[in-house]
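A.B. asks: If you're matching positions, the sequence shown starts at 23 in my numbering and goes up one per residue.
Backbone N, C-alpha and C fix where the C-beta goes; we use that ideal spot for every residue, glycine too.
Have a look at this one before I ask anything.
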Amino acid sequence: MTSGYDADPIFQATPRQIDNLIHRIHDGSLTIPDFQRDFTWEPKRTQELLRSVMSRYPAGTLLFWAMGSDSSSFGWRPVAGAPGKASAPQELILDGQQRLTCLYRALNDRGDERFYLRLSVLVDRTAGRVLTPTEIDFDKAIFWRDKGPKDDGFLEKPEAQYENEVFPLHKHREFDEWLDNYISNKHGKIDVDATKRLYRQVRDQFLTPLKSYGFPVVTLPASTSVDAVCNVFETLNKTGKPLGAFELLTAKLYPKNVKLRDLWADALATHETLNDFGIEPYSVMQAVALRSHRSAQRSTVLTQVTAADVKDHWDSCVRGYARVLDLLASDCGVISSKWLPYSMLLVPMAAVWEDVMQLKGPVRQTAIDRLKQYFWCTVFTSNFDQGANSQAGADYIKLAEWVKDPIASAPEAIETLHISASVLATATTRRKAIYAGLIALSVQSGARDFHTGEKLTPERLRQHRIDSHHVFPKAYLGNAPKKTVKQLSPELALNRVLLDPTTNKTIAKNAPSAYLATLEGTIASDSISEIFDSHLVSDDAVDALRKDDYAGFVRSRLEDVIQQIEHVTQRPVTRDDDGLLNEKDD
């Protein structure tokens, strides 16, 4: 008789090094099943994953499916950025696609961004040692630059890298050669032996894991049935999340008679909007840390926030979160969690809310108006794209004074940074802050339901299943002759509006001129014009739709959006598009 210990295993579990995984993705032996969703992670998620790998922290397991008759029936496609191969892969990625795609793109320079390591942040030159992962501010250590028309490739020039002590992570396999050239470039300006010794330690501690880090991989055999795989996907999407910082704080503060779980349960029961927007309790603790220690860094939250800090500031920060969310929903068009540009942006706004409420009369309203201006300026300058924790701390310090004092220095997004027309014109839906900001801007401007003509509200979004869809259908742009449609990305944020399913079905894959004729057959043309206008699509942009002129539409809508951005930010938009949308079609 066969015992339970002698039974055939239903899977194999084997550690796989990153270098091996990336090589297999590149040669096509490891791909994704065709039914998998597209790659969606933002650069910030890649930065966080690189931090975990370089720190040798756990980054989750991977789940593969060995190719067989059932798995091959799904079809497959390469990981985003990898070359396509005609031959069948050996394994399909069931869980871990986003993580592996991030690593493949970042470590092979295959994505829309280039990632860099600021070496000086990793060392203490005075002490002559490499810092430990817990001592390093990785928001500063790991950063990225978008590739695009405005990227002059400055940091790809070796001289610029040596001068700024910045190393491109896609060249991590060539660090020794880079270091030799760095030393030659700096000859006479540095202690050669000490610098070599220090940066070789950096290599061993932080760059070697980019090749040798081992992901635990569970491989389902080729004989696994389709039904079993479908069950796996359901399980992956339903199970809980791993232990996080809030759980660590809960354990730390429990002996001090601070029961964080109970406090959070009370907060959710009192303020339904926290649950509606999926607010995490850790973010409230970050607001507490801002009020008590003027920092939202993880190390501050975990090591410096005390039981007394929680007792003094928890309630005010919870109220601040709820009221800020109400403000953004009512006055800024953020009517669901999906269209919140930055969740981290709520932290300094919630932390400062109690101070605003201490003000009286018109002074309080002025402070609230400044909070809204801060929100819009931060969104459209993309100022929380990198180093959000550090930025939240810096902003809170200025925000707390600026909302009360008209002559105080404003936060960076308002006082220093510019809002760029070229960034707005070329931003795709992967630029979540700008994309969500444009949707919120249209709702704030009075966006109406195309089907009913009623103003969009959170309730109507839910009831009528209204979501963001293409104005120029992606399929139409892909099939239209080049002479008809300028070859701009169909995924531009400017090519999206909120549509109900009925209207989106009418649009389908049709040319705009065709679906407009259909829509006008059921709704008065002046109503169609008014509804489009409510979505920041003016008559000029609608005229471009009638001509199936994608470039003209984007150009006109950009101008419509700029006018509204200038209104809500009270700042001019920098017209630096340099004719990006003005070239004649071929």
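Check whether the stretch 328-347 and the stretch 272-285 touch, using three or more Cβ-Cβ pairs below 8 angstroms as the test.
C.D. replies: Contact between the stretch 328-347 and the stretch 272-285 is present, because at least three Cβ pairs lie under 8 angstroms.
A.B. asks: Alpha carbon to alpha carbon, how far is valine 346 from valine 323? Give it in angstroms, no decimals.
C.D. replies: Using only the alpha carbons, I get a separation of about 22 angstroms.
A.B. asks: Taking one C-beta from the stretch 555-574 and one from the stretch 455-474 each time, how about it: are there three or more such pairs within less than 8 angstroms?
C.D. replies: Cβ pair count under 8 angstroms is three or more, so yes.
A.B. asks: Can you tell me whether isoleucine 40 is buried or exposed, with buried defined as 16 or more other CB within 10 angstroms of its CB?
C.D. replies: Label assigned to isoleucine 40: buried.
A.B. asks: I want to know whether the stretch 383-402 touches the stretch 432-441 - three or more CB-CB distances under 8 angstroms.
C.D. replies: In short, these stretches touch, since the Cβ pair count reaches three.
A.B. asks: Does the stretch 102-115 come into contact with the stretch 65-82, if we say contact requires no fewer than three beta-carbon pairs (one atom in each stretch) closer than 8 angstroms?
C.D. replies: With the cut-off at 8 angstroms, the stretch 102-115 and the stretch 65-82 do not touch.
A.B. asks: Measuring only between beta-carbons, confirm whether aspartate 407 sits less than 8 angstroms from chain B.
C.D. replies: Structure shown: chain B not included; a single protein chain is present.
A.B. asks: If you follow the beta strand (DSSP E) that aspartate 288 is part of, which residue opens it and which one closes it?
C.D. replies: Where aspartate 288 is concerned, there is no enclosing beta strand (DSSP E), although the alpha helix (DSSP H) it sits in stretches over 282-292.
A.B. asks: Tell me which same chain residues have a C-beta within less than 6 angstroms of the C-beta of threonine 62, skipping the five on either side of it?
C.D. replies: There are no such residues.
A.B. asks: On the premise that lysine 454 lies in contact with proline 370, defined as a C-beta separation below 8 angstroms, what is that separation, rounded to the nearest angstrom?
C.D. replies: That pair is no contact at about 19 angstroms.
A.B. asks: Cutting at 7 angstroms between CB atoms, please list the residues of its own chain near phenylalanine 472, excluding the five before and the five after it.
C.D. replies: The answer, listed in chain order, is Leu521, Asp522, Thr525 and Ile553.
A.B. asks: Put arginine 597 into one of helix, strand or coil per three-state DSSP.
C.D. replies: Residue state, collapsed to three classes: coil.
A.B. asks: Does the structure place the stretch 470-489 close enough to the stretch 439-452 that three or more beta carbon pairs sit under 8 angstroms?
C.D. replies: No contact exists between the stretch 439-452 and the stretch 470-489.
A.B. asks: Count the other CB atoms, across all protein chains shown, that sit within 10 Å of the CB of lysine 382; report buried if there are 16 or more and exposed otherwise.
C.D. replies: It counts as exposed.
A.B. asks: Over the uninterrupted alpha helix (DSSP H) stretch that includes alanine 515, give me the two end residues.
C.D. replies: Unbroken run through alanine 515: none, as it is neither H nor E.
A.B. asks: Report yes or no: do three or more beta-carbon pairs, one from the stretch 213-233 and one from the stretch 141-152, lie closer than 8 angstroms?
C.D. replies: Counting Cβ pairs under 8 angstroms, three or more are found: they touch.
A.B. asks: With H, G and I counted as helix, E and B as strand and the rest as coil, what does DSSP make of tryptophan 63?
C.D. replies: Three-state DSSP puts tryptophan 63 in coil, outside helix and strand.
A.B. asks: Please say whether glycine 103 and arginine 127 have beta carbons closer to each other than 8 angstroms?
C.D. replies: Yes, the Cβ-Cβ distance between arginine 127 and glycine 103 is below 8 angstroms.
A.B. asks: From Ala311, Ala318 and Asn297, pick the residue whose C-alpha is nearest to that of serine 359; which is it?
C.D. replies: Nearest option by C-alpha distance: Asn297.
A.B. asks: Specify, as a first and last residue, the run of the alpha helix (DSSP H) that aspartate 331 falls within.
C.D. replies: From DSSP, the alpha helix (DSSP H) with aspartate 331 extends over 329-353.
A.B. asks: Under the DSSP definition of a beta bridge, which residues are partnered with phenylalanine 86?
C.D. replies: For phenylalanine 86, which the question treats as bridged, DSSP gives the partners Ile115 and Thr241.
A.B. asks: Classify tyrosine 276 as buried or exposed, calling it buried when 16 or more other Cβ atoms lie within 10 Å of its own Cβ.
C.D. replies: Burial call: exposed.
A.B. asks: Would you check if the stretch 401-418 and the stretch 303-313 touch, i.e. whether three or more CB-CB distances between them fall below 8 angstroms?
C.D. replies: Cβ pair count under 8 angstroms is three or more, so yes.
A.B. asks: Closer than 8 angstroms by C-beta to histidine 48: which residues in its own chain qualify, once you throw out the five before and the five after it? Chain order, please.
C.D. replies: For histidine 48, where only same-chain residues beyond five positions count, the Cβ hits under 8 angstroms are Ala104, Pro105, Tyr126 and Asn130.
A.B. asks: For isoleucine 164, report the span of its beta strand (DSSP E) as first-last.
C.D. replies: It spans 164-168 - the beta strand (DSSP E) in which isoleucine 164 sits, taken as one unbroken run.
A.B. asks: Curious, which full-length beta strand (DSSP E) runs of at least 3 residues does the stretch 358-433 contain?
C.D. replies: Segments of the beta strand (DSSP E) lying fully in the stretch 358-433: there are none.
A.B. asks: Please state whether DSSP places aspartate 41 in a helix, a strand or coil.
C.D. replies: Looking at aspartate 41 - three-state DSSP - the assignment turns out to be helix.
A.B. asks: What is the DSSP secondary structure of proline 495, reduced to helix, strand or coil?
C.D. replies: The answer is coil: DSSP assigns proline 495 none of H, G, I, E or B.
A.B. asks: State the CB to CB distance for the pair serine 305 and leucine 368, rounded to an integer number of angstroms; the pair is presumed to be in contact (CB under 8 angstroms).
C.D. replies: Yes, serine 305 and leucine 368 are in contact; Cβ-Cβ is about 7 angstroms, under 8 angstroms.
A.B. asks: Can you give the Cα-Cα distance for asparagine 501 and alanine 443, rounded to whole angstroms?
C.D. replies: Their backbone Cα atoms lie some 28 angstroms apart in a straight line.
A.B. asks: Since proline 303 is in the alpha helix (DSSP H), which residue starts that stretch and which ends it?
C.D. replies: It spans 303-315 - the alpha helix (DSSP H) in which proline 303 sits, taken as one unbroken run.
A.B. asks: Sort Val401, Ala422 and Tyr418 by Cα distance to isoleucine 587 and report the nearest one.
C.D. replies: If we check each option's Cα against that of isoleucine 587, Val401 comes out closest.
A.B. asks: Going along the chain, which unbroken runs of the alpha helix (DSSP H) with 4 or more residues stay wholly within the stretch 433-502?
C.D. replies: Listed in chain order, the complete alpha helix (DSSP H) runs (minimum 4 residues) inside the stretch 433-502 are 434-437, 443-448, 454-466, 480-485 and 496-501.
A.B. asks: Return helix, strand or coil for threonine 68, following the three-state DSSP convention.
C.D. replies: Three-state result, threonine 68: helix.
A.B. asks: At the level of alpha carbons, what is the spacing between alanine 563 and threonine 230?
C.D. replies: Taking the straight line from one Cα to the other gives about 52 angstroms.
A.B. asks: Is the beta carbon of histidine 492 less than 8 angstroms from the beta carbon of asparagine 517?
C.D. replies: It is a contact, given that the beta carbons lie within the stated cut-off.
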